[in-house]
């Protein structure tokens, strides 16, 4: 498959699966705001399982190709400069692998806690859990700060005039999501 | 002005290199960076030491040979300027300057500041050409091309293949270089015939040469002496999607 073999193809797979997960993050926030107890949401059914399948496949493709690419990138740059000045690269962009792995760990923790009820505690009760949630949100914010704007470039939807707008939209959405989720934690704790 | 230089010295491809300190005395602000190195080398030769090996050719900013990383930035502190066109007025008396070769696995050091950039040539050889016979100059002009497309092709064709994009990229990717070549040919009717095959073959060749993947840091655009824009990478991505949908060229 061209999309799985070629560097540009893999980048597009990472971008599309990433954005599918961003769509989930948006709806998850809306759900938390307007329907926190999941009233009238089905617990089974074709649509739900299709959604879960898409998320699961996205999660694995996104993680697999990102790690594979990162390993190739490290091999491509074996020797570091004594002095290196980055002019454009951001902290968020350079830490994508680490923020991604932390988010993956958090997702597993969150699903075990909320869905399977294996892990105890909730952010409404414990300060430690709330702190973990906030840390995870900050990590997600960093990841999306680079990831959303990059999606447009990767899909080729970019021009000289569009770039500053795209970067603002991407970073803006990352800020809105961070603020939205943190506000839920704050409202529930007060 | 007097400067302290820290220059990467490496005897050969398989030898271990290190930064060595040199003093550059009585340097005029009007000198180019390479002329300053010439002065330092004359001093070294007089002392009986081995001069610093560095690449240079046209010294007028169009050949792409004089690639060095100066204080952590390929081609140094002045925007859209090659090392040979960088003048010492960009530095102050007493400054310390770190001079290193372009670093990437695909650019092995030959000696001191000279690296082997033939990997870029091999990327071009893989697909950066057209196979149709275009005839003489009047024949080429017989095909009308929209002014905008011609301008975009020319902007992309400005790439001099110096390798600064690779050196600046945290991933050691040559995507800006490859994108410039892909765009330059894909904008013109003669290049469109093989466009689908070209984008696949050239990006594969780039990876096979040991360059990294692009992850949208945009460091490449910031250091490009010719101002090649990352929008050309977006164009390459569009060309790739088109190729994947059409499945041309045996893919």
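Residue numbers (the working numbering), protein chains in the order written: chain A, 1 to 190; chain B, 1001 to 1251.
Cβ atoms here follow ideal geometry from the backbone N, Cα and C, with glycine treated the same way.
Residue i, buried or exposed, once every other Cβ within 10 Å from all chains shown has been counted against 16
| i | result |
| --- | --- |
| residue 177 of chain A | buried |
| residue 153 of chain A | buried |
| residue 1004 of chain B | exposed |
| residue 72 of chain A | buried |
| residue 1245 of chain B | exposed |
| residue 1058 of chain B | exposed |
| residue 1221 of chain B | buried |
| residue 166 of chain A | buried |
| residue 1002 of chain B | exposed |
| residue 135 of chain A | exposed |
| residue 1250 of chain B | Any reading at residue 1250 of chain B needs caution, since the residue's pLDDT is 44, under 50, leaving its predicted position unreliable; the model's value is listed next. Under this definition residue 1250 of chain B is an exposed residue. |
| residue 1186 of chain B | buried |
| residue 170 of chain A | buried |
| residue 1159 of chain B | buried |
| residue 1184 of chain B | buried |
| residue 1166 of chain B | buried |
Contact set between residue i and chain A, taken where Cβ atoms lie within less than 9 Å
| i | result |
| --- | --- |
| residue 1231 of chain B | 153, 158, 159, 160, 162 and 163 |
| residue 1236 of chain B | 8 and 156 |
| residue 1219 of chain B | 86, 87, 88 and 89 |
Selected residue, minimal CA-CA separation from residue i, among the options
| i | options | result |
| --- | --- | --- |
| residue 62 of chain A | A:80, A:41, A:109 and A:12 | A:12 |
| residue 130 of chain A | A:83, A:157, A:182 and A:118 | A:182 |
| residue 1180 of chain B | B:1231, B:1156 and B:1087 | B:1156 |
| residue 85 of chain A | B:1094, B:1083, B:1074 and B:1084 | B:1074 |
| residue 1202 of chain B | B:1174, B:1228, B:1085 and B:1190 | B:1174 |
| residue 157 of chain A | B:1001, B:1153, B:1240 and B:1016 | B:1240 |
| residue 1123 of chain B | B:1234, B:1205 and B:1053 | B:1205 |
| residue 1224 of chain B | B:1020, B:1092, B:1032 and B:1163 | B:1163 |
| residue 1193 of chain B | B:1130, B:1218 and B:1101 | B:1130 |
| residue 160 of chain A | B:1216, B:1150 and B:1234 | B:1234 |
| residue 124 of chain A | A:51, A:97 and A:185 | A:185 |
| residue 64 of chain A | A:18, A:46 and A:188 | A:18 |
| residue 27 of chain A | A:55, A:108, A:164 and A:104 | A:55 |
Listed by chain order, chain B residues near residue i by CB distance under 7 Å
| i | result |
| --- | --- |
| residue 11 of chain A | 1213 and 1214 |
| residue 3 of chain A | 1244 |
| residue 72 of chain A | 1212 and 1213 |
8 Å Cβ cut-off: residues of chain B touching residue i
| i | result |
| --- | --- |
| residue 91 of chain A | Those do not exist, as residue 91 of chain A stays about 11 Å from chain B at its closest Cβ, beyond 8 Å. |
| residue 96 of chain A | 1215 |
Residues that residue i contacts on chain A, provided the C-beta gap is smaller than 8 Å
| i | result |
| --- | --- |
| residue 1136 of chain B | Neighbours of residue 1136 of chain B on chain A: none; closest Cβ ~35 Å, over 8 Å. |
| residue 1198 of chain B | Chain A residues near residue 1198 of chain B: none, gap ~12 Å exceeds 8 Å. |
| residue 1241 of chain B | 12, 155 and 156 |
| residue 1203 of chain B | 6, 7 and 8 |
| residue 1100 of chain B | 81, 82 and 83 |
| residue 1187 of chain B | Chain A residues near residue 1187 of chain B: none, gap ~14 Å exceeds 8 Å. |
Neighbour list for residue i in chain B, Cβ cutoff strictly below 9 Å
| i | result |
| --- | --- |
| residue 145 of chain A | Correct list: empty, because the minimum Cβ distance to chain B is about 12 Å. |
| residue 69 of chain A | 1171, 1212, 1213 and 1215 |
Under 7 Å by beta carbon: chain A residues contacting residue i
| i | result |
| --- | --- |
| residue 1226 of chain B | In chain order: nothing, as chain A lies at least about 15 Å away. |
| residue 1072 of chain B | 81, 83, 84 and 85 |
| residue 1019 of chain B | 82 |
Minimum length 4: unbroken alpha helix (DSSP H) runs contained in the region 1026-1054 of chain B: 1033-1047
Examine the Cβ distances between the region 1040-1053 of chain B and the region 1063-1081 of chain B and report whether three or more of them are shorter than 8 Å. no
Kindly provide the ranges of any alpha helix (DSSP H) runs that are 4 or more residues long and lie completely inside the region 1089-1131 of chain B, ordered along the chain. 1118-1127
What are the uninterrupted segments assigned as alpha helix (DSSP H) that are 4 or more residues long and contained completely in the region 56-135 of chain A, given in chain order? 91-94 and 96-110
Using 8 Å as the threshold, is the region 1220-1236 of chain B in touch with the region 27-43 of chain A, meaning 3 or more CB pairs across them? no
The region 1132-1145 of chain B touching the region 1106-1121 of chain B, judged by at least three CB pairs closer than 8 Å: no
Just by C-beta distance, which residues in the region 166-184 of chain A are closer than 7 Å to chain E? Going by chain labels, chain E is absent from the structure shown, which instead holds the protein chains A and B.
Take every Cβ of the region 1089-1104 of chain B, pair it with every Cβ of the region 107-120 of chain A, and state whether three or more of those distances are shorter than 8 Å. no
Could you tell me which uninterrupted alpha helix (DSSP H) segments, each at least 4 residues in length, are contained entirely in the region 1137-1171 of chain B, listed from first to last along the chain? 1137-1142, 1147-1157 and 1164-1168
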